[in-house]
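Working notes, structure below.
Protein chains: 4
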Amino acid sequence: MWHDGARVYDLAQPMRRGMPQSPNHPPFRMLLERRHGDVVRTDGGSAANELIVTGGHVGTHVDALAHVSHDGLLYGGADPATLTTNDGFSELGIDAFEPYVGRCVLLDVARVHNTPVLPAGYEVTAADLESAAKNVEIREGDVVLVGTGWSRLWHEPDRFIGLTGGVPGPGVEAAGWLNEKRPRAVGGETIAFEQIAPGRGHATLPVHRIMLVESGVNIIETMRLHELLDAQVSEFLLILNPLPIVGATGAPVRPLAILSGERS
Amino acid sequence: MWHDGARVYDLAQPMRRGMPQSPNHPPFRMLLERRHGDVVRTDGGSAANELIVTGGHVGTHVDALAHVSHDGLLYGGADPATLTTNDGFSELGIDAFEPYVGRCVLLDVARVHNTPVLPAGYEVTAADLESAAKNVEIREGDVVLVGTGWSRLWHEPDRFIGLTGGVPGPGVEAAGWLNEKRPRAVGGETIAFEQIAPGRGHATLPVHRIMLVESGVNIIETMRLHELLDAQVSEFLLILNPLPIVGATGAPVRPLAILSGERS
Amino acid sequence: MWHDGARVYDLAQPMRRGMPQSPNHPPFRMLLERRHGDVVRTDGGSAANELIVTGGHVGTHVDALAHVSHDGLLYGGADPATLTTNDGFSELGIDAFEPYVGRCVLLDVARVHNTPVLPAGYEVTAADLESAAKNVEIREGDVVLVGTGWSRLWHEPDRFIGLTGGVPGPGVEAAGWLNEKRPRAVGGETIAFEQIAPGRGHATLPVHRIMLVESGVNIIETMRLHELLDAQVSEFLLILNPLPIVGATGAPVRPLAILSGERS
Amino acid sequence: MWHDGARVYDLAQPMRRGMPQSPNHPPFRMLLERRHGDVVRTDGGSAANELIVTGGHVGTHVDALAHVSHDGLLYGGADPATLTTNDGFSELGIDAFEPYVGRCVLLDVARVHNTPVLPAGYEVTAADLESAAKNVEIREGDVVLVGTGWSRLWHEPDRFIGLTGGVPGPGVEAAGWLNEKRPRAVGGETIAFEQIAPGRGHATLPVHRIMLVESGVNIIETMRLHELLDAQVSEFLLILNPLPIVGATGAPVRPLAILSGERS
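Residue numbers (numbering that gives the first Met the number 0), protein chains in the order written: chain A, 0 to 263; chain B, 0 to 263; chain C, 0 to 263; chain D, 0 to 263.
Spelled out as structure tokens, the structure:
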């Protein structure tokens, strides 16, 4: 079959209590409800299960267009009030995002700077992206990811979240550069696809505005990209299938990178 | 690229409050926490978000091997007590399931009986599977799905859940037939991959025992297969990437079927 | 001390998964997270704990004035939009309800009709209340409860919820009668302090409008009153101290009736 | 009536997202589900509601005897395994705690040391309690509270929780002193009714062992006592009616102190 020999990379961070996540969202919690032996069926069978509390922007996830508004308007000039119900957004929610199976380009900005991990608060520039993209074509409709190496810091929650130290990411200029490529979605490894200066917290989110509100481009956050960065992979087939949670402003996803056998 | 012309089918049911789910598991609920305008940043930006409560066996999902024990033992003879923590299972949880990208065979048993929807409580037999499989090869390591047409009943929760009417599915004999093929996973459209007789409820789960406990074969439930059944697709590339919830006995997934362009 | 010899009645229904509750609210669920032995401290100690998911109108509870609006306005003509935040209501929430320690009158309408349990869908009338009140004085600022006997039906969830069969309770006329007494709060045993006709569901809530929106009188629902009814108690000291959940439209409470020793 | 002129003190801290709570327990979160206008009934009525996620040991709460075990045993030598179900504890849960309406003594140890707030990590001694109790009688079956002044620090979450700085409270010696009085329950203002040395975290809980496991005495934590301390009240009627959550190891409560008119 045509996928023979393909290599698959798991691009999601594992979800567990205490993992790094934005303080703006409900904390993830999974706990067992029934354990084996609690209820034993007549034939000797027993089933364990769990309850999960989470947010839509927790762990590796995709932002829906409904996530952000600017000056009171969503993408396309939609009035959020008319789309908002007690069951979430009737339009522009994550269920409006078609599962993506297609080309993806990874721009390794950390490598441009000869470092495995960009400094906290570093602003990724258009020149950085240009350098990282010099050997790969970006086509309209691709998903474009920006490598910072920050998925390596997953096990250091405070540093990863960057409330005091900041987080590296694209500034407004880089967002414009990305936007000109007319991508299907953009994303990266950090808690927010933004440059966050030290001490600034998540005060403003200009790249979210440019992508979600002005351009209708979804954002993928908290991806696990370091294996692809280590393998110097810049182009692959991306599977991006967030949970179809109707009306939500975002949803967890376990993205996969597939490298066809012939290319490896 | 090698996926050009591929067609993608979304095999997950949409997740929303009130959707059909097993009464044994925490009910799904998604609600908005912040709405646009609740908190407006200094630059005019505003972000909406949500809280989600769910179970691991809610909506389209994959059962981990830790889900079921029999006579006090899990797959491989493991003692559940030694693997159980307040953070879930240290082994055999859904995080032990490698994302699957591979061949999948769909056996349309409803079509064998010339019906779009098998009757409630119908036991799928080995002969049914044999008939449905007569034009397709099943290879070791494939995922094998059984079509009952029941994803067409998603919008009738009481009927779909089948507490009084029952649910069609494989009996012990059919499970044995499936098991001989040495599949990577098995699954279907119903609330439980079992034949549930009318009025019997979810009293015993013999196919879960055979698959999860005796054979180490994961089960996929509540899949949305009717588009594939309508298209008479019996073989495709399956993407099966459940959320990596560490220690959970199951996790939601949005499976995709990919049909390569040359084959369509 | 002055409470010597007092008898205490517990007026709350026990809270557990599966208890009757309005389908309009998040279902109650309590589950253990840590069990003993999961985490053992160095000294041999171990602590078990739980997670609780619930709504503010689940189990015995008090409705805050913010719970209901009519024609777009809350009590006092307040605009709900200006009081609503992602943390709930900045005014008129349950935290604005001062804990009540004071006189309470119980009007046993079931006894007026010589029955332990009023029929489903029965409308309590002003004449019923007048009869029930003939031997007890109602003073301004009292809490006034209406006995229907329905706390006896707690263990029959479908009947108690009354989605098809209906629920007995005060109609508009009786609400007017109650209101003239200028009570501090009113309440009863049923899922909603309303007369709900068979088959009508919770379509409209006129008594909620009269009490919460027009009069600023809180409502107590799902109380456990049958012990007081059996003891023919019509006057007692009520403790009504709902959880101080800031901004919520209601909160669970465990009300107590205290009968002073001299009276018993 | 006999409560005429009584003064009521609210002894519960308000519950809101971000309030101080032990990191060992699920974080409190209350959010609106329906807002006014989301669903408007035919008569112009609209109801807002909420979802609440919490733990049993969050906010002002009572510890059930089932909360703590020592060397594998609960109070009375009970084996926790035999009492544990997927619905909580079948015995010794918070539902086994009868609502308490009775005498309460408050021992103001902060005043003994002429300070409004005891230092972090301070060990309350038997001599402290003896001094604080010199003008008040403690009777068998009373609830005995220890004042540290720490409810004044509620709005400083990090300091209140004391993970690094520690928390003042009774040591083993003081617990023995309390225990000799044979109280119905004991409690205080802090996150845990223990002396927690700076930097030590919640590593061991000897007072919990002495009270819950060895003596069958419930513990009340995170109480709001500073108004009583300011008023120099040492004896009052306590209402202690935790939510009747069946099988839970603890439950939130809104305790009230009632001072009879004649005494004030």
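Ideal Cβ positions, reconstructed from N, Cα and C, are used throughout, including at glycine.
In angstroms, rounded to a whole number, what distance separates the CA positions of residue 182 of chain B and residue 57 of chain B?
As a first step, residue 182 of chain B is located in the second sequence; it is residue number 183 there, counting from the start. As a first step, residue 57 of chain B is located in the second sequence; it is residue number 58 there, counting from the start. The alpha-carbon atoms of residue 182 of chain B and residue 57 of chain B are separated by roughly 23 angstroms.
What residues of chain B sit near residue 44 of chain A, judged by a beta carbon separation below 9 angstroms?
As a first step, residue 44 of chain A must be located in the first sequence, where it is residue number 45. Per Cβ cutoff of 9 angstroms: 67, 68, 69, 70, 203, 204, 205, 207, 208, 212.
At least one CB of chain B closer than 9 angstroms to the CB of residue 98 of chain A: is that the case?
For this step, residue 98 of chain A is matched to residue 99 along the first sequence. For residue 98 of chain A, the answer is yes, since a Cβ of chain B falls inside 9 angstroms of its Cβ.
So, is the C-beta of residue 37 of chain C closer than 9 angstroms to a C-beta in chain B?
On the third sequence, residue 37 of chain C is found 38 positions in, with the first residue counted as 1. At least one chain B Cβ lies under 9 angstroms of residue 37 of chain C.
Look up residue 97 of chain C in the DSSP assignment and say whether it is helix, strand or coil.
Mapped onto the third sequence, residue 97 of chain C falls at position 98. Looking at residue 97 of chain C - three-state DSSP - the assignment turns out to be coil, as it is neither helix nor strand.
Alpha carbon to alpha carbon, how far is residue 65 of chain C from residue 195 of chain D? Give it in angstroms, no decimals.
As a working note, residue 195 of chain D is residue 196 in the fourth sequence. As a working note, residue 65 of chain C is residue 66 in the third sequence. Approximately 41 angstroms between the Cα atoms of the pair.
Are the C-beta of residue 52 of chain A and some C-beta of chain D separated by less than 9 angstroms?
If you number the first sequence from 1, residue 52 of chain A lands on position 53. Taking Cβ atoms only, chain D reaches closer than 9 angstroms to residue 52 of chain A, which makes this a yes.
I need the boundaries of the beta strand (DSSP E) containing residue 238 of chain B, first residue and last residue.
Taking the first residue of the second sequence as position 1, residue 238 of chain B is located at position 239. From DSSP, the beta strand (DSSP E) with residue 238 of chain B extends over 234–239.
Run through the DSSP bridge pairs and tell me what residue 88 of chain A is partnered with.
Against the first sequence, residue 88 of chain A aligns to sequence position 89. Note: residue 88 of chain A sits in a beta bridge opposite A:83.
Please classify residue 217 of chain A: does DSSP put it in a helix, a strand, or coil?
As a position in the first sequence, residue 217 of chain A is number 218, starting the count at 1. Three-state DSSP puts residue 217 of chain A in a strand.
Quick one: residues in its chain with C-beta nearer than 7 angstroms to the C-beta of residue 263 of chain B, no 5 flanking neighbours on either side, listed in chain order?
Counting from 1 along the second sequence, the entry for residue 263 of chain B is found at position 264. Unreliable positioning characterises residue 263 of chain B in this predicted model, as indicated by a pLDDT of 37, which lies under 50. The coordinate reading is nonetheless provided below. Around residue 263 of chain B: 6.
In terms of residue numbering, what span does the alpha helix (DSSP H) encompassing residue 160 of chain C cover?
Along the third sequence, read from residue 1 onward, the residue named residue 160 of chain C stands at position 161. Where residue 160 of chain C is concerned, the enclosing alpha helix (DSSP H) stretches over 156–160.
Between the segment 70–88 of chain C and chain B, which residues of the former have a C-beta closer than 7 angstroms to a C-beta of the latter?
Those residues of the segment 70–88 of chain C that come within reach of chain B (Cβ to Cβ, closer than 7 angstroms) are 84, 85.
What's the gap between the Cα of residue 199 of chain B and the Cα of residue 244 of chain D?
As a first step, residue 199 of chain B must be located in the second sequence, where it is residue number 200. As a first step, residue 244 of chain D must be located in the fourth sequence, where it is residue number 245. Rounded to whole angstroms, residue 199 of chain B to residue 244 of chain D spans 31 angstroms at the Cα level.
Put residue 60 of chain D into one of helix, strand or coil per three-state DSSP.
Taking the first residue of the fourth sequence as 1, we reach residue 60 of chain D at position 61. Three-state result, residue 60 of chain D: strand.
Is residue 199 of chain D close to chain B? Criterion is C-beta to C-beta, closer than 9 angstroms.
Position 200 of the fourth sequence, counted from the start, is the residue given in the question as residue 199 of chain D. For residue 199 of chain D, the answer is no, since every Cβ of chain B falls outside 9 angstroms of its Cβ.
Determine, for residue 25 of chain B, whether the minimum Cβ-Cβ distance to residues of chain C falls below 9 angstroms.
The residue given as residue 25 of chain B occupies position 26 in the second sequence. Interface residue, yes.
Does residue 34 of chain B have its Cβ less than 9 angstroms from a Cβ in chain D?
For the purposes of this step, residue 34 of chain B is taken as residue 35 along the second sequence, with counting starting at 1. At least one chain D Cβ lies under 9 angstroms of residue 34 of chain B.
Relative to the C-alpha of residue 242 of chain A, which candidate in B:173, B:211, B:51, B:47 has its C-alpha closest?
In the first sequence, the residue the question calls residue 242 of chain A occupies position 243. Cα-wise, what sits closest to residue 242 of chain A is B:51.
Is the beta carbon of residue 18 of chain A less than 9 angstroms from the beta carbon of residue 156 of chain A?
As a first step, residue 18 of chain A is located in the first sequence; it is residue number 19 there, counting from the start. As a first step, residue 156 of chain A is located in the first sequence; it is residue number 157 there, counting from the start. Going by C-beta atoms, residue 18 of chain A is nearer than 9 angstroms to residue 156 of chain A.
At a CB-CB cut-off below 7 angstroms, which residues of chain A make contact with residue 56 of chain B?
Within the second sequence, residue 56 of chain B is the residue found at index 57, counting from 1. Residues of chain A passing the Cβ test: 48.
Leaving out five residues on either side along the sequence, give the residues of the same chain with a beta carbon under 8 angstroms from the beta carbon of residue 219 of chain D.
For this step, residue 219 of chain D is matched to residue 220 along the fourth sequence. For residue 219 of chain D, where only same-chain residues beyond five positions count, the Cβ hits under 8 angstroms are 59, 60, 61, 62, 142, 144, 184, 185, 186, 187, 192, 239, 252, 254.
Starting from the beta carbon of residue 28 of chain D, find every residue of chain A whose beta carbon is closer than 9 angstroms, and list them in chain order.
On the fourth sequence, residue 28 of chain D is found 29 positions in, with the first residue counted as 1. Per Cβ cutoff of 9 angstroms: 25, 26, 52.
Using CA coordinates, which residue listed in D:223, D:250, D:247 is at the minimum distance from residue 8 of chain D?
On the fourth sequence, residue 8 of chain D is found 9 positions in, with the first residue counted as 1. For residue 8 of chain D, the nearest C-alpha among the options comes from D:223.
Compare the C-beta of residue 222 of chain B with all C-beta atoms of chain A and state if any pair is closer than 9 angstroms.
By 1-based counting over the second sequence, the position of residue 222 of chain B is 223. Cβ-Cβ to chain A under 9 angstroms: no for residue 222 of chain B.
Below 8 angstroms on the Cβ atoms is my guess for residue 197 of chain C versus residue 126 of chain C; work out the distance and round it to an integer in Å.
The count along the third sequence starts at 1 and reaches residue 197 of chain C at position 198. The count along the third sequence starts at 1 and reaches residue 126 of chain C at position 127. So it is not a contact: roughly 22 angstroms between Cβ atoms.
For residue 138 of chain B, which residues from the same chain have a beta carbon less than 7 angstroms from its beta carbon, with the 5 sequence-adjacent residues on both sides left out?
Position 139 of the second sequence, counting from 1, holds the residue named residue 138 of chain B. Excluding sequence neighbours, residue 138 of chain B sits near 102.
Hey, could you find the ends of the beta strand (DSSP E) residue 6 of chain A is sitting in?
Here residue 6 of chain A corresponds to residue number 7 of the first sequence, with the count starting at 1. 6–9 is the span of the beta strand (DSSP E), which, as asked, contains residue 6 of chain A.
Can you have a look at residue 20 of chain B and say buried or exposed, based on whether 16 or more other CB atoms are within 10 angstroms of its CB?
Here residue 20 of chain B refers to the residue found at position 21 of the second sequence. Buried: at least 16 other Cβ atoms inside 10 Å.
Under a CB-based cut-off of 9 angstroms, is residue 256 of chain A close to chain C?
Here residue 256 of chain A is taken as the residue at index 257 of the first sequence, counted from 1. No, no contact with chain C.
One question on the structure: do residue 23 of chain C and residue 207 of chain C come within less than 9 angstroms of each other, judged by their Cβ atoms?
On the third sequence, residue 23 of chain C is found 24 positions in, with the first residue counted as 1. On the third sequence, residue 207 of chain C is found 208 positions in, with the first residue counted as 1. Against a cut-off of 9 angstroms, the Cβ pair of residue 207 of chain C and residue 23 of chain C comes out as no contact.
Do residue 54 of chain D and residue 25 of chain D have their CB atoms nearer than 9 angstroms?
Along the fourth sequence, one-based indexing puts residue 54 of chain D at 55. Along the fourth sequence, one-based indexing puts residue 25 of chain D at 26. Cβ atoms of residue 54 of chain D and residue 25 of chain D: closer than 9 angstroms.
For residue 115 of chain D, which of helix, strand or coil comes out of DSSP?
Sequence index remark: in the fourth sequence, residue 115 of chain D carries index 116 (1-based). Residue 115 of chain D falls in the coil class under three-state DSSP.
With DSSP as the reference, please indicate the residues paired to residue 53 of chain B in a beta bridge.
Within the second sequence, the letter at position 54 stands for residue 53 of chain B. In DSSP, residue 53 of chain B forms a bridge with A:51.
State buried or exposed for residue 75 of chain C, treating a residue as buried only when at least 16 other CB atoms are found within 10 Å of its CB.
Within the third sequence, residue 75 of chain C is the residue found at index 76, counting from 1. Counting Cβ neighbours within 10 Å, residue 75 of chain C comes out exposed, since fewer than 16 surround it.
Assuming the contact rule is C-beta atoms closer than 8 angstroms, residue 108 of chain A and residue 131 of chain A should be a hit. Round their C-beta distance to whole Å, please.
Your numbering for residue 108 of chain A matches position 109 in the first sequence. Your numbering for residue 131 of chain A matches position 132 in the first sequence. The Cβ separation is near 5 angstroms, so the contact holds.
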